[in-house]
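See structure below.
Residue numbers (the UniProt record's numbering): 1 to 331.
Structure follows, in structure tokens:
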């Protein structure tokens with residue numbers, strides 16, 4: 001017996017009576033039953049986070065009503081109207097990985113409950129991944145390559161105001177291990193450390209730039225941002241590097257401009273990056289040796305110790321800065 005046109009989630013009482021040619025029998029006892037609820041409606045899908053290779057989805061209000069189980073499917077890129085499962089479970093969020101940048105993906109969702117069963121799938125929701133930005137780089141540093149120092153010193157000496165102004169060469173790492181082959185440019189910004197009012201000093205593909213007309217006795221701040229240049233001309237900026245704080249002194253410039261040996265005494269100021277002190281003498285010379293210099297407790301100790309050389313050879317690790325025996329930037 002099939003009884004139709006009943007209401008969902010409604011209690012009914014049923015009794016049965018037998019009738020034949022002889023007569024009518026008594027009614028049976030009442031049988032009570034309740035109809036099932038309607039299948040649950042699908043919730044609305046939202047994208048809460050989009051990356052170049054992932055999308056994070058959210059739905060519902062975070063309440064596990066009636067032990068609901070959710071099914072999320074993504075439309076196959078090569079077959080329109082055909083979906084594949086990307087998540088099933090009781091949570092109200094999921095993260096879909098291994099996607100392609102700047103690509104649109106269509107998702108649908110349905111809900112299953114213990115009492116009502118599995119409902120219909122929702123309409124399609126389309127979300128798009130972002131463009132990949134360049135990987136971050138370390139803080140820039142003052143270049144101590146002899147050729148670059150000599151060029152900067154010559155430029156500074158040729159200026160009419162060289163007695164009060166100097167030049168400084170800043171270098172930085174290149175952005176590596178990126179998921180794209182587009183070229184990368186770099187934006188070097190600088191500011192006086194006391195006001196932190198940054199302005200652009202350089203933009204281009206190089207990883208080194210000489211800043212002129214700097215004032216002695218002044219502290220400066222430098223930071224670098226890698227920028228991806230896409231084939232269609234769009235620019236995708238990465239994150240700025242940590243800030244390098246550098247104090248320019250007469251003694252420091254004299255040592256760099258004099259072209260002295262790599263292991264000579266270094267009396268210049270120290271750099272700071274995020275509270276960490278970096279000695280300007282920590283460089284790799286042309287023989288692949290790491291030079292560690294610092295402030296000695298006495299002049300005698302400085303004369304005796306000079307500079308500490310750590311032989312690194314061809315494989316010396318200089319954290320991506322300095323130049324190797326072949327004259328190319330290491331790292």
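Glycine included, every Cβ here is placed at the ideal spot set by N, Cα and C.
Residue i versus residue j: straight-line alpha-carbon distance, rounded
{"i": "residue 219", "j": "residue 236", "result": "31 Å"}
{"i": "residue 122", "j": "residue 67", "result": "19 Å"}
{"i": "residue 40", "j": "residue 8", "result": "12 Å"}
{"i": "residue 31", "j": "residue 100", "result": "59 Å"}
{"i": "residue 128", "j": "residue 50", "result": "7 Å"}
{"i": "residue 194", "j": "residue 48", "result": "39 Å"}
{"i": "residue 339", "j": "residue 28", "result": "The requested residue 339 is not part of the displayed model; the chain covers only 1 to 331."}
{"i": "residue 224", "j": "residue 186", "result": "7 Å"}
{"i": "residue 217", "j": "residue 249", "result": "5 Å"}
{"i": "residue 233", "j": "residue 198", "result": "26 Å"}
{"i": "residue 246", "j": "residue 131", "result": "34 Å"}
{"i": "residue 34", "j": "residue 10", "result": "5 Å"}
{"i": "residue 259", "j": "residue 200", "result": "Note that residue 259 scores a pLDDT of 37, beneath 50, so its modelled location is shaky; the value from the coordinates is reported in the next line. Distance between the alpha carbons of residue 259 and residue 200 is about 29 Å."}
{"i": "residue 12", "j": "residue 18", "result": "20 Å"}
{"i": "residue 90", "j": "residue 14", "result": "37 Å"}
{"i": "residue 144", "j": "residue 177", "result": "26 Å"}
Expected contact under 8 Å - CB spacing of residue i and residue j to nearest Å
{"i": "residue 109", "j": "residue 26", "result": "Not a contact, Cβ separation roughly 52 Å."}
{"i": "residue 141", "j": "residue 244", "result": "6 Å"}
{"i": "residue 6", "j": "residue 116", "result": "With a Cβ gap of about 15 Å, residue 6 and residue 116 do not count as contacting."}
{"i": "residue 205", "j": "residue 183", "result": "6 Å"}
{"i": "residue 78", "j": "residue 112", "result": "The pair is not a contact, with the Cβ atoms about 28 Å apart (cut-off 8 Å)."}
{"i": "residue 230", "j": "residue 133", "result": "That belief does not hold up - the Cβ atoms of residue 230 and residue 133 are roughly 11 Å apart, past 8 Å."}
Unbroken beta strand (DSSP E) run spanning residue i, endpoints
{"i": "residue 83", "result": "83-89"}
{"i": "residue 112", "result": "104-113"}
{"i": "residue 204", "result": "199-204"}
{"i": "residue 223", "result": "219-229"}
{"i": "residue 78", "result": "Neither: residue 78 is in no beta strand (DSSP E) and is coded neither H nor E."}
{"i": "residue 12", "result": "11-14"}
{"i": "residue 17", "result": "17-19"}
{"i": "residue 170", "result": "165-171"}
{"i": "residue 143", "result": "Here residue 143 belongs to no beta strand (DSSP E), and DSSP marks it neither H nor E."}
{"i": "residue 24", "result": "24-27"}
{"i": "residue 136", "result": "It is not in any beta strand (DSSP E) - residue 136 carries neither H nor E in the DSSP assignment."}
{"i": "residue 187", "result": "184-192"}
Beta-carbon contacts of residue i that lie in its chain and below 6 Å, excluding the five residues immediately before and after
{"i": "residue 139", "result": "241, 242, 244 and 273"}
{"i": "residue 126", "result": "104 and 106"}
{"i": "residue 202", "result": "188 and 209"}
{"i": "residue 85", "result": "73"}
{"i": "residue 191", "result": "197, 198 and 221"}
{"i": "residue 118", "result": "112"}
{"i": "residue 299", "result": "Model confidence at residue 299 stands at a pLDDT of 41, short of 50, so the residue's coordinates are unreliable; what they give is reported in the following sentence. Cβ within range, chain order: n/a, list empty."}
Cβ neighbours of residue i in the same chain (closer than 8 Å, five flanking residues each side left out)
{"i": "residue 136", "result": "175, 226, 238, 239 and 241"}
{"i": "residue 82", "result": "75 and 76"}
{"i": "residue 53", "result": "97, 98, 99, 100, 101, 129, 132 and 179"}
Given 8 Å as the limit, is there contact between the stretch 68-81 and the stretch 102-111, that is, 3 or more CB pairs closer than that?
yes
Would you call the stretch 209-226 and the stretch 163-179 touching, i.e. three or more CB-CB distances under 8 Å?
The stretch 209-226 vs the stretch 163-179: in contact.
So does the stretch 45-65 actually touch the stretch 83-99, counting three or more Cβ pairs closer than 8 Å?
Segments in contact, yes.
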